[in-house]
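Participant: So for the sequence shown, our numbering puts the first residue at 1; every next one is plus one. The beta carbon of each residue, even a glycine, is placed where N, CA and C say it ideally should be. Bear in mind the structure is a predicted one, so any value in this text is a computation, not a measurement. I'd like to ask you about the structure that follows.
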Amino acid sequence: MTTRLDRAVGAVLGSAAGDALGAPYEFGPAGELSARGREMLGGGGWDPGEATDDTQMAVLVGEALLEHHGQELLDVLPDVFDRFRRWAAAAPKDIGLQTEDVLTNGHPWDLAAARHFQLNARAAGNGSLMRASTSAVYFAPAGREATMDAARRLAALTHGDRAAWEGTAILHELVRVALEGSDPLAALPGTLGAVHPDHRERYARVLAPDWEPGLATEFNGAVWPCLGSAVWALRTTTGFAEAVRAAVDLGGDTDTVAAVTGTLAGARYGQAAIPPEWTAPLHVPLPGFGERVLDAEGLRELAQRLAEGT
1 MTTRLDRAVG
11 AVLGSAAGDA
21 LGAPYEFGPA
31 GELSARGREM
41 LGGGGWDPGE
51 ATDDTQMAVL
61 VGEALLEHHG
71 QELLDVLPDV
81 FDRFRRWAAA
91 APKDIGLQTE
101 DVLTNGHPWD
111 LAAARHFQLN
121 ARAAGNGSLM
131 RASTSAVYFA
141 PAGREATMDA
151 ARRLAALTHG
161 DRAAWEGTAI
171 LHELVRVALE
181 GSDPLAALPG
191 TLGAVHPDHR
201 ERYARVLAPD
211 WEPGLATEFN
221 GAVWPCLGSA
231 VWALRTTTGF
241 AEAVRAAVDL
251 GGDTDTVAAV
261 TGTLAGARYG
271 QAAIPPEWTA
281 PLHVPLPGFG
291 ERVLDAEGLR
301 ELAQRLAEGT
């Protein structure tokens with residue numbers, strides 16, 4: 001029987017493990033992980049067990065929330081954005097084009113993403129979804145409305161399209177449900193009822209029990225097929241490793257789809273379900289913050305503090 005704390009650690013550690021497992025296969029064809037049979041051995045510019053921008057940004061969010069624990073989120077957001085900018089300025093190995101533009105366009109934290117969206121009319125990438133494991137754990141005790149609202153505001157730091165806000169809000173709520181020991185899949189209808197009406201139908205389609213990634217009309221680098229694929233992987237498997245492998249084998253944006261799947265599967269099954277051979281080499285460099293590198297134990301400690309609010 002897993003405890004709430006086990007599941008919280010599972011969400012954060014599971015997201016990082018999925019990220020690192022999927023990184024070498026990013027933008028590759030479907031089925032490549034199974035075909036190669038290589039797990040946590042690196043490749044594609046990544047060292048064995050090295051996490052990408054997905055986990056790096058999640059760590060920055062989590063540490064900012066803990067440093068400002070007890071403060072209103074509105075007072076924390078400028079610091080989160082500053083940490084993102086410091087990280088982006090240090091030339092991380094991987095950073096999304098949209099996120100990079102928002103963090104380097106010179107606008108203040110509360111205008112940068114909106115200005116990007118005004119100019120480009122496209123900002124529904126999965127970049128806010130990928131980093132949500134830490135904030136989902138932190139805000140879970142506050143309840144559905146508060147955790148979904150926090151997700152939207154954190155997503156809006158880099159993504160001006162409400163589609164990204166709503167997808168991140170759904171993930172926050174599904175993690176909250178899983179941490180309580182309930183089935184996140186059973187919570188989908190109620191969660192969809194809390195989604196903004198303009199985006200409810202789109203998410204209802206990709207989160208439906210009969211949806212599968214082959215029905216996607218957009219690349220899984222977009223927020224709704226990414227989330228839909230992660231939920232599909234959770235629904236069609238029976239364990240953490242099986243779910244994350246299924247996510248990577250979809251191809252495309254493998255690190256992020258697997259990170260989101262790892263968040264959900266980790267929250268559902270707990271940290272003990274994550275293969276130790278995946279966590280042993282796991283490490284998270286933090287460009288812009290000295291020579292800091294978090295290993296699996298550092299991620300566990302971060303997750304515990306987020307779950308306990310300390």
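#1: For the alpha helix (DSSP H) that residue 116 lies in, which residues bound it at each end?
#2: Quick check: the Cα distance between residue 113 and residue 1, rounded to an integer number of angstroms?
#3: Among the residues of its own chain, which have a CB less than 6 Å from the CB of residue 151, if the five just before and after it don't count?
#4: Within the chosen definition, does the stretch 175-182 reach the stretch 140-155 through at least 3 CB pairs nearer than 8 Å?
#5: Decide yes or no for the touch test of the stretch 223-243 against the stretch 77-85: beta carbon pairs closer than 8 Å, at least 3 of them.
#6: Hey, could you find the ends of the alpha helix (DSSP H) residue 172 is sitting in?
#7: Taking residue 13 as part of the alpha helix (DSSP H), name the residues at either end of that continuous run.
#8: Using DSSP with H/G/I as helix, E/B as strand and the rest coil, what is residue 50?
#9: In the DSSP output, which residue or residues are listed as bridge partners for residue 293?
#10: For residue 257 and residue 21, which I take to be in contact (beta-carbon distance under 8 Å), what is that distance rounded to the nearest angstrom?
#11: Kindly indicate which three-state DSSP category residue 252 falls into: helix, strand or coil?
#12: If distances are taken between C-alpha atoms only, which option among 281, 280, 43 and 264 comes closest to residue 15?
#13: Where does residue 194 sit, in a helix, a strand or coil, going by DSSP?
#14: Quick check: what's the CA-CA separation for residue 228 versus residue 207?
Facilitator: Taking the definition as stated:
#1: 112-120
#2: Rounded to whole angstroms, the separation of the alpha carbons of residue 1 and residue 113 is 42 Å.
#3: 168, 169 and 172
#4: yes
#5: no
#6: 162-179
#7: 4-22
#8: Here residue 50 sits in strand by DSSP.
#9: 285
#10: Rounded, the Cβ-Cβ distance is 11 Å, inconsistent with contact.
#11: strand
#12: 264
#13: coil
#14: Answer to the nearest angstrom: the Cα atoms are 5 Å apart.
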